[in-house]
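Which chain is which? The protein sequence lines are W and L, in order. One point on numbering: in the working numbering, the residue at position 132 of the first sequence is 132, and numbering is uninterrupted. For any residue, its number in the working numbering is found by taking its place in the second sequence, counting from 1, and adding 1000.
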Amino acid sequence: MSDTVAITLNINGEDHRVSVEARRTLADTIREDCGKTGTHIGCEHGVCGSCTVIIDGEPMRSCLMFAVQADGRKIRTVEGLAKGDELHPLQRAFIDNHGLQCGFCTPGFLMLATAVLEKEPDIADGDLLDALSSNLCRCTGYQNIIKAVRQAAIEMRGPRK
Amino acid sequence: MKPAAFVYHAPRTLEAALALLAEVAPQDGRILAGGQSLVPAMAFRLARPTHLVDINGVAGLDRLVLDGGVLSVGALVRHAAFHKADAKFGALGALLADVVHNIAHYPIRTRGTMCGSLAHADPASEWCLTAVTLGAEMVAHSAKGARRIAAADYFQGIMQTALEPDELLAEVRLPLLPEGAKHGFYEFNRRAGDFAIGMALVTYQVKGGKIAEARVGIGGIEGAPRRIAEAEAALNGQAPGKAAFEAAGQATAAVVDPIEDAQTPAAYRRDLAATVVTRALERAAI
Ligand SMILES: Cc1cc2nc3c(=O)[nH]c(=O)nc-3n(C[C@H](O)[C@H](O)[C@H](O)COP(=O)(O)OP(=O)(O)OC[C@H]3O[C@@H](n4cnc5c(N)ncnc54)[C@H](O)[C@@H]3O)c2cc1C
Ligand code: FES
Ligand code: FES
C-alpha cells in the first residue's frame, strides 16, 4: 500500500473527511469512501460522462480527476438535486418525457444539464445540443433526453420579465 | 482500470513547480494540468508516472492577456475560455471559438488546457493545428531558465515535441490576425467530439480581388500538423472561388504523407486531405 492523504470533500454541502491514496479518482472516492453511489462509473477514461459531477459550478468528469485535487472544493452530485421530497425541474422533466430507461446514464446527464443551464439559462438550442452530446446513453436514443432538458430549461428560466 | 500509484505534489509557485520537475523528471515524473489526456492514459496503464506535479494551484498560470499583437495564453487557461468569441481578440477570437467546439466535449473543455494539448501533441489536436497554422510561439520554462520555440520547430511527430522532460510550457503566444483576415476550419470525424480523422485550418486576405498571405494547415492527416506550402502557393494571387480552393485541396493531397490506423488507410486520409482543405477554404469565403 502506498501512502494516503487526508482530505475533506464537500459534497452537496456536507463535509466528508476521508483518507485516500493519491491515485484514487474522485469518482471512486465519492462512491466508495463517501457512500454517494448516485454518481455512476461507466468507462473510467472520460468517454461516457456517466460520472459527471459539478465542481465549483463547472460540470466535470469525476473519473478524470484525483480526489486529492478536489480537497476543499464544492462538489455537487445527483443526490443533492431534489429538495427533500420535491424533485428538481430536470428530474421531473426526465420522468415526464421518458428521458431514461435503464437509468445508468441519468445522473451524469442530470448534472451536465444542471450545470449548463445554471451557467447559461438562455443558452441557444445549438449550444445546448453541443453540450448534451458530451454524454452517452445506450437506451433512449437521446431524443427524449433532449426534450426533457428543453422543457426543464423553460421552467428553470422562469416567467419572462 | 485504475491508475498505478504515484507521489502527488501540488506546488503553489512556478519556481517550486520547476524545482520539483527538475528533481522528478528523470524518474518519469510529469506535469498534471487538466488531466484530460494524462488520466485516461494512466487508467489504461499506458502511462505510469512515478510522480505528478499538479500545476492547477500555481499562481499566475491562468493569465489570458493581449500583449501587443499577440494573445498570450497561460498554462492553466482551459479550452472553455474560448467558447465565446472575445471581441478584444478580433478575428483571432472568432477563429478560436470556431475551433474549440470541435475539441472533445463540454465537461472536458472546462478542465483541459490549451498548453496541455500542445504538450501532449496528439496528431489530431485542434490546438496543435492552430498553433502551427498561425505561427505561434511556445514559452518553455525549466529550473535552468526560459526559452521560446517557434511552432515550426516545436512539433516533431506523433506525441513528440521539442519540450524537454524538465520543461513546463508556461505560455503559448498566438499572433492576432491582420484586420480583415478571413479564416475557415473544417473537421471530419465520425461522432461529435471524437478526435479528427482529418481537419484543416486556413486564413487568408483578399487584396485587389486576389488571395494574399494564405495559410493552409492540416491536422490528423500526418504524424504532426503542418502548413502546406504547395497549397498556399496555389492560392496566393488567385481569385477566391471554387477553382482556387479545389486546386489547393489537390495540391495538399499530392504532398501529404498520411498516417494509417486500423480503421483508416493512408489512401483514405490522402483523399480526405483534399476535401478538408477545400471545405475550410469555402467556409472562410462565406
Ligand atoms: C473523451 C475525450 C475526447 C477528447 N477529444 C479531443 C479532441 O477531439 N481534440 C483534442 O485536441 N483533444 C481531445 N481530448 C484531450 C483534451 O483536449 C485534453 O485536455 C488535452 O489533450 C490535454 O490537456 P490537459 O490540460 O488535460 O493535459 P493533461 O492531461 O494534464 O496532460 C497531458 C500531457 O501533457 C503534459 N503537460 C500538460 N500540461 C503541460 C505543460 N504546461 N507543460 C508541459 N507539459 C504539460 C502532461 O505531463 C501530460 O504528459 C479528449 C479527451 C477525452 C477524455
Ligand atoms: S466513467 Fe467517467 S466518463 Fe465514463
Ligand atoms: S437510460 Fe440506459 S444508458 Fe441511458
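Glycine residues also receive a C-beta, built at the ideal position from the N, C-alpha and C atoms. The model shown is predicted, which means the values in this text are computed figures rather than measured ones.
Note down, in chain order, each residue of its chain lying with its Cβ closer than 7 angstroms to the Cβ of residue i, except the 5 sequence neighbours on either side.
i	result
VAL78/W	GLY38, THR39, PRO107, LEU110, MET111
CYS164/W	Any answer about residue 164/W is impossible in this case: the structure gives chain W only from 1 up to 161.
ALA22/W	VAL5, PHE66, VAL68
PHE1155/L	ALA1121, CYS1128, VAL1132, THR1161, ALA1224, PRO1225
ASP1153/L	ALA1162
CYS102/W	CYS139
Hey, quick one: how far does the beta strand (DSSP E) through residue i stretch, first residue to last?
i	result
ARG92/W	Segment 89-96 is the alpha helix (DSSP H) holding ARG92/W; no beta strand (DSSP E) there.
VAL1256/L	Unbroken run through VAL1256/L: none, as it is neither H nor E.
PHE1155/L	1155-1157
TYR1186/L	1182-1188
LEU1052/L	1051-1054
GLU1171/L	1168-1175
ALA1150/L	1145-1150
Please report how far the alpha carbon of residue i lies from the alpha carbon of residue j, in whole angstroms.
i	j	result
ASN1102/L	ALA1094/L	14 angstroms
LEU1169/L	VAL1073/L	10 angstroms
ALA27/W	GLY80/W	16 angstroms
ALA1231/L	VAL1216/L	7 angstroms
GLY49/W	GLY1116/L	21 angstroms
LEU136/W	LYS1207/L	47 angstroms
LEU1052/L	ILE41/W	24 angstroms
GLY1209/L	GLY1219/L	29 angstroms
PRO1107/L	GLN1238/L	42 angstroms
GLU975/L	PHE1245/L	Since the displayed chain L opens at 1001 and closes at 1286, residue 975/L lies outside it and no answer follows.
PHE1044/L	PRO1003/L	7 angstroms
ASP1062/L	VAL1039/L	21 angstroms
LEU1201/L	ALA1253/L	15 angstroms
ALA1273/L	ARG1283/L	16 angstroms
ILE154/W	GLU58/W	21 angstroms
SER19/W	LYS36/W	16 angstroms
VAL1007/L	ASP1257/L	41 angstroms
GLY1193/L	ILE123/W	19 angstroms
PRO1165/L	GLU1015/L	16 angstroms
ARG24/W	CYS139/W	30 angstroms
GLN1250/L	ARG1227/L	15 angstroms
ILE1055/L	ASN97/W	43 angstroms
TYR1268/L	ASP1261/L	11 angstroms
For residue i, does the count of other Cβ atoms within 10 angstroms reach 16, so buried, or fall short, so exposed?
i	result
LYS83/W	exposed
THR114/W	buried
GLN1263/L	exposed
VAL1132/L	buried
ALA1280/L	buried
VAL1065/L	exposed
GLN143/W	exposed
PRO1026/L	exposed
ILE30/W	buried
THR52/W	buried
CYS63/W	buried
ASP1319/L	Residue 1319/L lies beyond the residue range present for chain L, which begins at 1001 and ends at 1286; the question has no answer from this structure.
LEU1046/L	exposed
GLY126/W	exposed
Alpha helix (DSSP H) containing residue i: first to last residue?
i	result
ARG1283/L	1266-1285
MET1199/L	Per DSSP, MET1199/L belongs to no alpha helix (DSSP H); it is in the beta strand (DSSP E), 1198-1207.
ARG1290/L	This structure leaves residue 1290/L out entirely; chain L is present only between 1001 and 1286.
LEU1092/L	1090-1100
ILE162/W	For chain W, the structure presents residues 1 to 161; residue 162/W sits outside this window and is missing.
ARG1109/L	1106-1109
ALA115/W	106-119
Beta-carbon separation of residue i and residue j under 8 angstroms?
i	j	result
ALA1181/L	ALA1091/L	yes
ASP56/W	ARG73/W	yes
VAL1070/L	MET1114/L	no
GLY1057/L	ALA1005/L	no
PRO1225/L	LEU1129/L	yes
HIS1079/L	ARG1030/L	no
ALA1119/L	LEU1177/L	no
ALA1136/L	LEU1174/L	yes
HIS16/W	CYS43/W	no
THR1013/L	ALA1059/L	yes
ILE7/W	ILE75/W	no
LEU1032/L	ALA1143/L	no
VAL116/W	ALA131/W	yes
Give me, in chain order, the residues of the same chain whose beta-carbon lies closer than 6 angstroms to that of residue i; leave out the 5 immediate sequence neighbours on both sides.
i	result
ASP1098/L	PHE1185
GLY1223/L	PRO1123, GLY1157, ILE1158, ILE1259
ALA1214/L	TYR1204, GLU1232, LEU1235, ASN1236
LYS147/W	ASN97
Output needed for residue i: all residues of its chain with C-beta closer than 8 angstroms, excluding positions within five of it in sequence on either side, in chain order.
i	result
ILE1211/L	TYR1204, GLN1205, LEU1235, ASN1236, GLY1237, GLN1238, ALA1239, PRO1240, ALA1244
GLN1036/L	ALA1104, ILE1108, ARG1111, GLY1112, GLY1116
THR1050/L	PHE1006, VAL1007, VAL1024, GLN1027, ASP1028, GLY1029
Using a Cβ-Cβ cut-off of less than 7 angstroms, list which residues of the region 1182-1202 of chain L approach chain C; keep chain order. In the structure shown, chain C does not exist; the protein chains are W and L.
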